[in-house]
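A.B. asks:
Numbering (my numbering), first residue to last: 26 to 184.
(1) Output the boundary residues of the alpha helix (DSSP H) element that contains residue 110.
(2) From which residue to which residue does the alpha helix (DSSP H) around residue 62 run?
(3) Just to confirm my understanding: we take residue 146, look at its own chain, exclude 5 residues before and 5 after, and list those with CB closer than 8 Å. What are they?
(4) Pull up the distance between the alpha-carbon of residue 69 and that of residue 63, whole angstroms please.
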């Protein structure tokens, strides 16, 4: 109510707030609070002491974790150093290439499967067509007859 009074609107002439308006107001208030708490210096406030202490303890935990990781990843007296930006870039490139090759392999396998299915379908259609022609009495030349006829026509052309 204080905010409405400060801007000159009274509760009598204010429009009724829907649940969506109330929710939006709460979200905005929470966000504003988050911004002020994360950067109190910007708003002329000092950081609370417990926040500074918590950050220091987090730094100690991170240092201990890093030492533990280095010890865990040491191999025969050789300790793995922290990744340099070049190492991280190389790892990223390798991951991208592995992903590309894996997608390419999957695409090739799908294509081979599709080609095999097309071949099977063509054979089945041919078989069913020949079977249908035999049943209706329209005998189609079998493969052996067609090869004989083609070789005879070659002999006739030569003579």
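For every residue, glycine included, the Cβ atom is placed at its ideal position computed from N, Cα and C.
Quantities reported herein were computed from a predicted structural model and do not represent experimental measurements.
C.D. replies: If we stick to the structure as given:
(1) Position 85 of the chain shown, counting from 1, holds the residue named residue 110. Residues 110-161.
(2) The residue you call residue 62 lines up with position 37 of the chain shown. Where residue 62 is concerned, the enclosing alpha helix (DSSP H) stretches over 44-63.
(3) Taking the chain shown and counting its residues from 1, one reaches residue 146 at position 121. Here the set comprises nothing.
(4) In the chain shown, the residue the question calls residue 69 occupies position 44. In the chain shown, the residue the question calls residue 63 occupies position 38. Looking at the two C-alpha atoms, the distance is approximately 13 Å.
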